[in-house]
Amino acid sequence: MPHAYIPILIFALLAAAFPVFCLVGSRRFGPATLEKIEAAEEARVEDSTTEAGREKPGTMASFIAALFVILSVEVVFLFAWAVKFAEMGGYGLILLLIFVGIPLAGYAWLYKKGVFDAI
Amino acid sequence: MDSFGLISLPAAVPSALSAMGAVLALPLLVAYTAFIERRIAEAMDERARPVTPGALGLLRYVARIARVGLGQDEGQAELRRRIFAMAPAIALVAALIGYAVMPVGPAFQVADPNVGLLFILGLGALGIYGVLLRGEASAGGRIAMDFVNHAAQVVSCQAAAALGLLSGVLLAGSLAMGQIVQAQLDQGQWFIFYVPAGFFIYFVGSMAAMNRATAELPAADADLFSVDALADATLPAPFYVLADYVSVIVVAGIATTVFLGGWLRPMASFRDRVPGTTIEILDIVPVVAALGLALFWYRRVRSHRTEMQKKAAATASGICAFVGLALGISLFVSAAVMAAVHGAFWFGLKVGGYIYCFVWVRFTLLQVERERLMRQLWRIVIPVGFVNLITTAMAVVGTQDTGLPMRLTTIAATVATLGAGVWLAKYAGSEAEMQAAEGE
Numbered sequence: 084m085p086h087a088y089i090p091i092l093i094f095a096l097l098a099a100a101f102p103v104f105c106l107v108g109s110r111r112f113g114p115a116t117l118e119k120i121e122a123a124e125e126a127r128v129e130d131s132t133t134e135a136g137r138e139k140p141g142t143m144a145s146f147i148a149a150l151f152v153i154l155s156v157e158v159v160f161l162f163a164w165a166v167k168f169a170e171m172g173g174y175g176l177i178l179l180l181i182f183v184g185i186p187l188a189g190y191a192w193l194y195k196k197g198v199f200d201a202i
Numbered sequence: 018m019d020s021f022g023l024i025s026l027p028a029a030v031p032s033a034l035s036a037m038g039a040v041l042a043l044p045l046l047v048a049y050t051a052f053i054e055r056r057i058a059e060a061m062d063e064r065a066r067p068v069t070p071g072a073l074g075l076l077r078y079v080a081r082i083a084r085v086g087l088g089q090d091e092g093q094a095e096l097r098r099r100i101f102a103m104a105p106a107i108a109l110v111a112a113l114i115g116y117a118v119m120p121v122g123p124a125f126q127v128a129d130p131n132v133g134l135l136f137i138l139g140l141g142a143l144g145i146y147g148v149l150l151r152g153e154a155s156a157g158g159r160i161a162m163d164f165v166n167h168a169a170q171v172v173s174c175q176a177a178a179a180l181g182l183l184s185g186v187l188l189a190g191s192l193a194m195g196q197i198v199q200a201q202l203d204q205g206q207w208f209i210f211y212v213p214a215g216f217f218i219y220f221v222g223s224m225a226a227m228n229r230a231t232a233e234l235p236a237a238d239a240d241l242f243s244v245d246a247l248a249d250a251t252l253p254a255p256f257y258v259l260a261d262y263v264s265v266i267v268v269a270g271i272a273t274t275v276f277l278g279g280w281l282r283p284m285a286s287f288r289d290r291v292p293g294t295t296i297e298i299l300d301i302v303p304v305v306a307a308l309g310l311a312l313f314w315y316r317r318v319r320s321h322r323t324e325m326q327k328k329a330a331a332t333a334s335g336i337c338a339f340v341g342l343a344l345g346i347s348l349f350v351s352a353a354v355m356a357a358v359h360g361a362f363w364f365g366l367k368v369g370g371y372i373y374c375f376v377w378v379r380f381t382l383l384q385v386e387r388e389r390l391m392r393q394l395w396r397i398v399i400p401v402g403f404v405n406l407i408t409t410a411m412a413v414v415g416t417q418d419t420g421l422p423m424r425l426t427t428i429a430a431t432v433a434t435l436g437a438g439v440w441l442a443k444y445a446g447s448e449a450e451m452q453a454a455e456g457e
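Protein chains in written order, with the numbering used here: chain E, 84 to 202; chain S, 18 to 457.
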């Protein structure tokens, strides 16, 4: 039903127009001290890039990224499953236990191993 | 269902108009959420609240929004400037679009696609780009890392929140927002009573995902801490604040739709009518309550001493009278109008109550630092979410196979989930103790 998405599209365009309007408006009508600020900011930004450099994200972030990729895919597939669950009955339950059981076994093993201490 | 491909333009016009209305009203709605938050904070925490301009400072946020529109753009090095400026706008737009599928009563919904809930969750994930790109485009390494850690926290919380929602979807058997509400009407029960554990997981997950109670904002933008910083911050940083408040309303709307019965009134299946009319008895209750409140506040106008209190009471009285009259008049117009107005009233009331709980938790519980939050999320909340899903599925199958009432099987499922939660919390606690002992 593609027509259901047309209002959403219109809505999205209007929603996007709001920040764009604000940004353009502030450009046009905002106080005109912009150039001074810009110069100062540029100097500051260059300072901090040369000084600190760009650190890599810590282990926590990468670890969670990996976990999240697995789990979120799992969860998103489960939404489709949940819609049809009432029709499938007991068979659906078995499917769930297999589908969720495999990653959960790995999850429990990681937990036991103490891998989550990194978080 | 209409046939594929055929798009009737006239049919799209009303929804386009409601889309426009919603977008125009939203910034103000958001601003007054902030206003109400300050009022609650004042009541709970003895914090001062803004009182000017306008009665009670009601005009303050109108001025604030105007100020955002006319604020000063912040400067950045030309290279990353575009992304840096765009990132908060992405966060805001992603949050705003979520409103498009909010079912505010049976009549007020911009669109009801068959994957509505998934659509909102996807938008929530899109909003994370707003955080990540900002970090990527900002110069300092420490700042970029703060943003990355923040994004890691948000995705973890969203995973937990989605798990909580799953149990509700399981019972409804649909992802369309309208049908989820309809399912609760058909089953004669709000899903919060069937899967309280799922609701709690969603509450915790969504709250932590939204910077509200527990998480600090990305440390780089300390000026984002309150909506009152809007006036001082330069564009486009305030978009984050707006996006944050928009998300609060969207999250409350999702919880209301999936767990709290959406636009249904309490005891929606009790449909006895006043003899001789088509008016249902229970629909009179909110009318009487609103008018009663209006009278109560009107009497307070005289008993208050200061001008400010008088204004406050008069405003409250006016709002209650308006709501009561709108509800009352709609009873006599037609069934469709009545359903629309009362549906919007109940939806708004539930969303308001949910937001109140959010603010309540924010100002009463201690703030938890990010590492601790993440640890508890991954060790306790997410596993319990899976357990809850499995037990809920078992309850549904149990009802189908044995014919036991749903109420009974879901209570058993909830008890099992709680047991698993307590066990996991104990296990995580004992593990932490062991680590502490080893550390010494």
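Don't be surprised by glycine CBs; every beta carbon is placed ideally from N, CA and C.
Please read these numbers as outputs of a predicted model, since none were measured by experiment.
Supposed close pair residue i, residue j - CB separation, criterion 8 Å
i	j	result
S/Arg396	S/Leu441	7 Å
S/Ala193	S/Asp129	6 Å
S/Gly222	S/Gln175	7 Å
S/Gly147	S/Pro105	6 Å
E/Val107	S/Ser191	The pair is not a contact, with the Cβ atoms about 41 Å apart (cut-off 8 Å).
S/Val318	S/Ala331	5 Å
S/Val171	S/Ala226	5 Å
S/Arg282	S/Leu299	6 Å
S/Thr50	S/Ile372	6 Å
Reduced DSSP secondary structure (H/G/I, E/B, other) of residue i
i	result
S/Phe210	helix
S/Phe460	Only positions 18 to 457 of chain S appear in this structure, which leaves residue 460 of chain S out of reach.
S/Arg282	coil
S/Val404	helix
S/Arg7	The requested residue 7 of chain S does not occur in the structure, where chain S is confined to residues 18 to 457.
S/Phe125	strand
S/Arg389	helix
S/Arg288	coil
Interface partners of residue i on chain S, CB under 8 Å
i	result
E/Val166	Val186, Gly190, Ser191, Leu192
E/Phe199	Arg392, Trp395, Arg396
E/Phe182	Near E/Phe182 there are no residues of chain S at all, since even the closest Cβ is about 11 Å away, more than 8 Å.
E/Ala188	By Cβ distance, chain S contributes nothing, its closest Cβ being about 11 Å from E/Ala188, past 8 Å.
Neighbour list for residue i in chain E, Cβ cutoff strictly below 9 Å
i	result
S/Leu46	Within 9 Å Cβ-Cβ: nothing; S/Leu46 doesn't reach chain E, min ~13 Å.
S/Ile114	Ile91, Phe94, Ala95, Ala98, Ala99
S/Glu135	The amino acid occupying residue 135 of chain S in the given sequence is Leu; Glu does not appear at that position. Residues of chain E passing the Cβ test: Val159, Phe162, Ala163.
S/Val127	Pro90, Ile91, Ile93, Phe94
S/Leu421	Correct list: empty, because the minimum Cβ distance to chain E is about 15 Å.
S/Ala58	Result: empty, since nearest Cβ-Cβ is about 27 Å, beyond 9 Å.
S/Ala124	Neighbours of S/Ala124 on chain E: none; closest Cβ ~14 Å, over 9 Å.
Residue i versus residue j - alpha carbon distance
i	j	result
S/Val186	S/Lys327	47 Å
E/Phe104	E/Leu96	12 Å
E/Ile185	S/Ala361	44 Å
S/Phe217	S/Thr431	11 Å
E/Ile89	S/Tyr116	14 Å
E/Phe199	E/Leu193	7 Å
E/Leu149	S/Ile271	Note that residue 149 of chain E corresponds to Ala in the displayed sequence, not to Leu. Their Cα atoms are separated by approximately 27 Å.
S/Val368	E/Val183	33 Å
S/Met224	S/Ala168	14 Å
E/Ala188	S/Phe220	26 Å
S/Thr419	S/Ala58	50 Å
S/Phe125	S/Arg392	41 Å
S/Ala179	S/Val404	14 Å
S/Leu113	S/Leu308	33 Å
S/Leu183	S/Leu135	11 Å
E/Glu181	E/Tyr190	In the sequence as presented, Glu is not what sits at residue 181 of chain E; that position holds Ile. If you take the alpha carbons of E/Ile181 and E/Tyr190, they lie about 14 Å apart.
E/Ala100	S/Glu450	53 Å
S/Thr251	S/Leu149	Bear in mind that a pLDDT of 46 at S/Thr251, under 50, signals an unreliable position, so the number given afterwards is only what the model happens to contain. Looking at the two C-alpha atoms, the distance is approximately 20 Å.
S/Val263	S/Gly365	15 Å
S/Val398	S/Gly181	10 Å
S/Ala338	S/Ile145	42 Å
Contact list for residue i against chain S, beta-carbon separation under 7 Å
i	result
E/Gly173	Val414, Asp418
Interface residues of chain E facing residue i [CB-CB closer than 7 Å]
i	result
S/Phe11	Examination of residue 11 of chain S is not possible in this model, given that chain S is present from 18 through 457 alone.
S/Ala429	The premise fails here: S/Ala429 is roughly 15 Å from chain E at the closest Cβ pair, so nothing lies under 7 Å.
S/Leu202	Result: empty, since nearest Cβ-Cβ is about 16 Å, beyond 7 Å.
S/Leu109	Pro102
S/Ala343	Within 7 Å Cβ-Cβ: nothing; S/Ala343 doesn't reach chain E, min ~25 Å.
Chain-ordered neighbours of residue i on chain S, where CB pairs are closer than 9 Å
i	result
E/Ile185	The premise fails here: E/Ile185 is roughly 12 Å from chain S at the closest Cβ pair, so nothing lies under 9 Å.
Taking only beta carbons into account, state which residues of the region 171-190 of chain S come closer than 7 Å to chain E, listed in chain order.
Val172, Ser173, Ala176, Ala179, Leu180, Leu183, Val186, Leu187, Gly190
Residues from the region 395-419 of chain S in contact with chain E, defined by Cβ distance under 8 Å:
Trp395, Arg396, Ile399, Pro400, Phe403, Leu406, Ile407, Ala410, Met411, Val413, Val414, Gln417, Asp418
At a CB distance below 7 Å, what residues from the region 305-334 of chain S approach chain E? Give them in sequence order.
none
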